[in-house]
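Numbering (mature numbering (1 follows the signal peptide of the UniProt record, and there is no 0)), first residue to last: -21 to -1, 1 to 499. Glycine included, C-beta positions come from ideal geometry on N, C-alpha and C. What you are looking at is a predicted structure, and each value in this text was computed from that prediction instead of being measured.
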Amino acid sequence: MNFKSITFFVVFLSCLLVSRAEKVEVVVEGATPIAQTDEDFICVTLDWWPTNKCDYDQCPWGQAGLFNLDLKNKILEKAVKAFHPLRIRVGGSLQDQVVYNVRNNIENCQPFQKQDKGFLFGFSIGCLDMKRWDELNEFFNQTRAKVTFGLNALIGRKESETEKTLWVGDWYSHNARDLMSYTISKGYKIDSYELGNELCGVGVSARIEAKQYAKDMATLKNLVKEMYPNPKTQPKVLGPGGFYDKKWFDTFLDASGHDVIDGVTHHIYNLGPGNNPDVVRRVQDPFFLTQIAQTFKDVSNAIDKFTPWSGAWVSESGGAYNSGGQLVSYTFAFGFWYLDQLGMTSVYNHKVYCRQALTGGNYALLNTTTFVPNPDYYGALLWHRVMGSKVLSVMHKGSPYLRVYSHCAKKEPGVSFVFINLSKNTSIEIDLFHDLNLNGGSPNFEFKGHKKREEYHLTPKDGNILSSIVLLNGTPLELSDSLEIPELKPKLVDGLKPISIVAHSIAFVTIRDFNAPACS
């Protein structure tokens, strides 16, 4: 073998090692849906954190907190409007230290101040005046947002003298009543009220016993019924908004009473602390990503057992706690975790998934300073636009690094998929099979479409998954000169060809002539 032949062989072998292709058969069970989400499944949080909220020698919140956020920023407004509508949760760690100055009877009504002792999370009580509440609601109205408001659940209670972090006594609902009365008088629309933040189980900085919390939820439900007597416009009641603990949740749900809780909310931060150097590996590890599925399943099962009239919500999820992964949460790589979370929660019958945060912290969908969208913003927007509320069962026996989720298409006929290829080196060619056999057995037939498929392929700039720039079908997604959100156009692909998913990429695919009975 001469030198040229050897060189060619080495280059050829290198190409094979760098990028391999794997054929995978993906089976969709289209006879019946296995779960159903809310039409407005995608949700984001606006948080209370002040500028001097710092973690690991970083202070990544800037002016993004609710007291400081520039609500007149045009990029922010357009980013929210693009969802038609976007569900926004107003809440977070400091919500149980917010008082509402409705009657102008609170002297020196000020936002949070840094305090070393005597307060939760190192911050004082924060006071929301009605001028700022008016400004927030003007923004929500302007952007047609659907609002969940997190109420202070510690007001009226005191810390136990015998048990550290336990707060005792009944919830004092009068301040919430005042806020509701003012909100109604102004014609502001609230979709739902959530009581408390991370006070269940062992809590984070404070906790409440399960039966006491159930009693307080009933108080909130009665208050909402009184203040909003029309069932058609009555806001939903949500709780407890914290980390799942089986014993605590079972006791809470069992004691809550019939038709009190409309949404059972819980939080997810399964990637560890924001300074964990392992975060980037974890978001690419299918075995790690799958571990959290048990929590989603447990919450769904608890609801089926105790409160079947309600639904499961993830009301806050930022992956890595303490403001997000420092070098990962605003990059393309974080989309592997985020979109996989959306897929798993929808399979386990969760109605809503709230991402922390719209802006603020490292995990924000919008850059905290410029409001320019981070990569996950576009993944969220595509999910909202193409993935309908009915969830289909989908499976394959290929590489575990291929994650697949399927829903009925949104609004128009057909079926939509999200394919997540976690592999660094292996591209995937997918053949679809449609299984209409309710009794199991082999799939009925290989699906071959006759209409062109709509495909949205998301890849990182220069193949670097730690890039904060994402490409759609090869074109960088960037704001226009007039600061408009870029149009998300699919590429149309011959329906007879296999679906091709390159390494380290995410693809949304809609097939209009995939006639699943579940979607009719």
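Item	Value
Three-state secondary structure assigned by DSSP to F493	coil
Stretch pair the stretch 84 to 93 + the stretch 183 to 190: three plus CB contacts closer than 8 Å	no
Helix, strand or coil at A343 according to DSSP, with G and I counted as helix	coil
With 16 other Cβ atoms within 10 Å as the buried cut-off, status of K226	exposed
Segment contact flag, the stretch 46 to 56 with the stretch 116 to 127, C-beta cutoff 8 Å, min 3 pairs	yes
Element boundaries [alpha helix (DSSP H), containing F275]	A272 to F285
Length-filtered (3 minimum) beta strand (DSSP E) runs lying within the stretch 89 to 172	105 to 108 and 125 to 130
Exposed unless 16 or more other CB atoms sit within 10 angstroms - verdict on E466	exposed
C-beta contact flag for A124 and P64 at 7 Å	yes
Reference R68; option with closest CA among I21, D108, R111 and E86	I21
Whole-Å CB distance - residue 510 paired with Q74, under 8 Å assumed	Nothing can be reported for residue 510: it is not among the residues displayed for the chain, which extend from -21 to 499.
Own chain partners of V6 with C-beta closer than 6 Å, once the 5 adjacent residues on each side are dropped	M374, F412, D414 and P422
C-alpha gap between T230 and A155, whole angstroms	25 Å
Distance, N400 Cα to S479 Cα	10 Å
Burial state of F266, where buried means 16 or more other Cβ atoms lie within 10 Å	exposed
Backbone CA spacing between L158 and V243 [nearest angstrom]	23 Å
Contiguous beta strand (DSSP E) assignments of at least 3 residues, all confined to the stretch 2 to 53	21 to 25
Inter-residue spacing [alpha-carbon to alpha-carbon] between F350 and A61	14 Å
The stretch 344 to 358 / the stretch 434 to 449 touching (three or more Cβ pairs under 8 Å)	yes
7 Å CB neighbourhood of F275 in its chain, flanking five on each side removed	M323, T324, Y327 and H329
Those runs of the alpha helix (DSSP H) which lie wholly inside the stretch 288 to 366 and span at least 4 residues	313 to 326 and 354 to 365
Helix, strand or coil at T212 according to DSSP, with G and I counted as helix	coil
Beta-bridge pairing of residue 500 - partner residues as DSSP gives them	Nothing about residue 500 can be read from this structure; the chain reaches only from -21 to 499.
Three-state secondary structure (DSSP) of C179	coil
Contact the stretch 251 to 265 vs the stretch 288 to 296: 3+ CB pairs below 8 Å	no
Cα-Cα separation between P439 and F315, rounded to whole angstroms	12 Å
Closest by C-alpha distance to G71, when choosing among K32, E86 and N84	K32
Distance between Q335 and A189 (C-alpha atoms, nearest Å)	25 Å
Alpha-carbon spacing of N176 relative to L458, whole angstroms	35 Å
Nearest-angstrom Cα separation, counted from D19 out to K171	Note on identity: in this sequence residue 171 is Ser, with Lys being the wrong assignment. If I take the Cα positions, the gap works out to 13 Å.
S(-8) - DSSP class collapsed to helix/strand/coil	Any reading at S(-8) must be qualified, since the residue scores a pLDDT of 45, below 50, and its modelled position is unreliable; the value itself is stated next. Helix, per DSSP.
Bounding residues of the beta strand (DSSP E) (the contiguous stretch that carries R260)	First-last for R260: V258 to R261, but that is the alpha helix (DSSP H), not the beta strand (DSSP E).
Through-space distance from V394 to I85, alpha-carbon basis	54 Å
Whole-Å CB distance - P477 paired with D410, under 8 Å assumed	6 Å
S406 - DSSP class collapsed to helix/strand/coil	strand
Stretch pair the stretch 94 to 108 + the stretch 357 to 370: three plus CB contacts closer than 8 Å	no
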